Amino acid sequence: VPYKVVASSFRTNPNTGQKEDLELFGEWQIEDYVPPTAKNGIVPRNAYNNVELFMDCMLPFGTVHLKLPGLMRIASKLNIDCVPAVVGFDTAKGGRKGSHPLIEGFVVCKEFEGTLRDAWAAEQENIAKREAERRIKRIYGNWKRLIRGLFIKQKLANRFID
């Protein structure tokens, strides 16, 4: 039961368009949020299949919040439960209407944290190695093209200038 009900100037009913009353509660009437607990390696999630982490105290017990990009793909390869973390909402920007959730990092069970961090580090090493190989291949391809062009230029010069 609210401690007090006041007339609200900003809260309207979308169906009727009439202003609604605002219910006010005292600190003695509210309880602190108690987050759920992770069980059997499964992270508790909401109806939208993510975890709401608007404050640090909202992190479910037995889980950690990892802010590593691409972690969801690695966790799915290892069959580890990994859930996106919604840290807030962003207002409309760039033609988008309404607000949309801001997802920052992922929530996983504590027992899988070390495994996921190691797998993520190994994946980053593989990505760096592939990028270096791709860069070297491109460098050699450019040199090969330059040398071929110089040979063609020399052949044309020998044929038409002499």
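According to this note's numbering, the sequence shown is numbered sequentially starting from 852.
For each residue, glycine too, the CB sits at the ideal point set by N, CA and C.
Predicted model only: the values in this text are computed from it and were never measured.
With 16 other Cβ atoms within 10 Å as the buried cut-off, status of residue i
i, result
"residue 959", "buried"
"residue 1002", "exposed"
"residue 904", "buried"
"residue 857", "exposed"
"residue 926", "buried"
"residue 929", "exposed"
"residue 1007", "exposed"
"residue 997", "exposed"
C-beta contact flag for residue i and residue j at 8 Å
i, j, result
"residue 967", "residue 917", "yes"
"residue 870", "residue 863", "yes"
"residue 876", "residue 895", "no"
"residue 915", "residue 964", "yes"
"residue 971", "residue 910", "no"
"residue 913", "residue 948", "no"
Those residues which DSSP pairs with residue i across a bridge
i, result
"residue 908", "In DSSP, residue 908 forms no bridge with anything."
"residue 1006", "BP columns for residue 1006 are empty, so no partner."
"residue 939", "953"
"residue 903", "937"
"residue 959", "915, 933"
"residue 890", "893"
Endpoints, the beta strand (DSSP E) within which residue i is located
i, result
"residue 922", "First-last for residue 922: 922-928, but that is the alpha helix (DSSP H), not the beta strand (DSSP E)."
"residue 859", "855-863"
"residue 914", "914-917"
"residue 870", "870-875"
Sufficient close CB pairs (3 or more, under 8 Å) joining the region 928-935 to the region 877-886: Verdict: no, contact absent.
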